[in-house]
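Contents: one structure, followed by commentary.
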Amino acid sequence: MIELSDRVLSGQAITRRDARAVLKSGDDELLAVLQSAFRVRLRHFGRRVRLHVIENAKCGMCTENCRYCGQSADAAGAPVYPLKSVSAIVQGARKASRAGAFRYCIVTSGRAPSNAELERLCEAVRRIRAELPIRTCASLGLLTTAQAGELARAGLDRYNHNLETSRRFFPEICTTHTYADRLTTAKVVKSAGLELCSGCLFGLGETVEDRIELAFALRAAGSDAVPVNFLDPRPHTALAGQPRLKPGECLRILAMLRLVLPDREIRVAGGREACLGVMQPLALFAADSMFTRGYLTTGGQGLAKDRAMIAEAGFVLEGVER
Ligand code: SF4
């Protein structure tokens, strides 16, 4: 496995065969796999960790049927509320900034933002940019070229739109929009000059080959940042009975992504606490960023424990310089 990081560090791309070897390696090789990912992480990011805070700015009422999502048309039980006010969104950013977050991620449920919603979100982004030392990201669903341009002009740094899984497996998890729709939004984001945050959700029932296809699709799409979610099955969703991935499997996935996307931000995201358990700190040997203070509809272990975990594992938090 060390030979793999030698090759990556010398500028060669790893192949699908290499990625398969990582994902299929056994638990006895886990530390060797992580060491390989860590050497690449060290080269590009040192020991720094960036914290991201999610603002669930509009929850529920979604027309789409993503099978994993507690806010989908087919699920029940998640809170439901319309888009928050500009001042509430800015207040969330202020709290995130005080907590030492590098980036504030504004997320809304739904297929795509309405123009009125976009106007309000652009106003919030303008104010955050003017008032606070924190970077911004928005995750608002499918986007038109005009909408991406408006967000870029408002000063948004980054837009999130996950591919989630492979092209082959995508119709198994959503039928109200297509993989091609997602790729189109990824292209629109890049064309508008925004950074693209596009990642994945593992543990949906996909195969090893789906995981490899996804990693290479993210590289081809030019994803600047890759949030890596592990399914923590939500009650009242179609995937409620899906078993959680084991910690070793999650760590091999993170290591594989680090080797396929050596200089891209890899963020350990939803499902970190639930799927990795006591192995959580090991994720930082591949990932260079993480969410804190929980996720969209689930809580996390909390800021104090996250900060302690980072420090005790020998990593260093990085804030924003402006
Ligand atoms: S993931 Fe987004 S688009 Fe899909 S059901 Fe949930 S809120 Fe809707």
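First residue of the sequence shown? That's 1 in this note's numbering, and the numbers climb one at a time after it.
Beta carbons: idealized from backbone N, C-alpha and C, even for Gly.
In this text, all values refer to a predicted model and were calculated from it rather than measured experimentally.
- I think residue 128 touches residue 90, with their Cβ atoms under 8 Å apart; what is that distance to the nearest whole Å? 6 Å
- Task: Let me know the alpha helix (DSSP H) ranges lying completely inside the stretch 109–185, each 4 residues or longer, listed in chain order.
- Result: 115–131, 145–154, 170–173
- Based on Cα-Cα distance, which residue from 47, 74, 165 lies nearest to residue 312? 47
- Message: For ligand 1, is there any heavy atom lying closer than 6 Å to the beta carbon of residue 72?
- Response: yes
- Do you know how far the Cα of residue 26 is from the Cα of residue 294? 30 Å
- Message: Which of the three DSSP states is assigned to residue 231 in this structure?
- Response: coil
- Task: Give me the Cα-Cα distance between residue 7 and residue 260, rounded to the nearest whole angstrom.
- Result: 11 Å
- Item | C-alpha distance - residue 112 paired with residue 141, whole-angstrom precision | 5 Å
- Looking at residue 217 and residue 163, is the spacing between their C-beta atoms short of 7 Å? yes
- Message: Cutting at 6 Å between CB atoms, please list the residues of its own chain near residue 307, excluding the five before and the five after it.
- Response: none
- Under the criterion of a Cβ to heavy atom distance below 6 Å, does residue 139 qualify as lining ligand 1? no
- Out of 155, 234, 258, which has the shortest C-alpha to C-alpha gap to residue 227? 258
- Message: DSSP has residue 58 in a bridge; who is on the other side?
- Response: 108
- Is the CB-CB distance between residue 58 and residue 109 below 7 Å? yes
- Taking the C-alpha atoms as reference points, what is the distance between residue 190 and residue 178? 19 Å
- Would you check if the distance between the CB atom of residue 245 and the CB atom of residue 200 is smaller than 7 Å? no
- Task: Could you please give the first and the last residue of the uninterrupted alpha helix (DSSP H) stretch that includes residue 200?
- Result: Segment 200–202 is the beta strand (DSSP E) holding residue 200; no alpha helix (DSSP H) there.
- Three-pair Cβ contact test at 8 Å for the stretch 74–91 versus the stretch 154–173: no
- Message: Taking the alpha carbon of residue 318 as the reference point, which residue from 52, 40, 123 has its own alpha carbon closest?
- Response: 52
- Cβ of residue 62 within 6 Å of any heavy atom in ligand 1? yes
- Apply the 10 Å Cβ neighbour rule to residue 262 and answer buried if 16 or more other Cβ atoms are within range, or exposed otherwise. buried
- Would you check whether ligand 1 has a heavy atom nearer than 6 Å to the C-beta of residue 197? no
- Message: Using a 10 Å radius around the Cβ and a threshold of 16 neighbouring Cβ atoms, would you call residue 302 buried or exposed?
- Response: exposed
- Query: Should residue 17 be labelled buried (16 or more other beta-carbon atoms within 10 Å of its own) or exposed?
  - Reply: exposed
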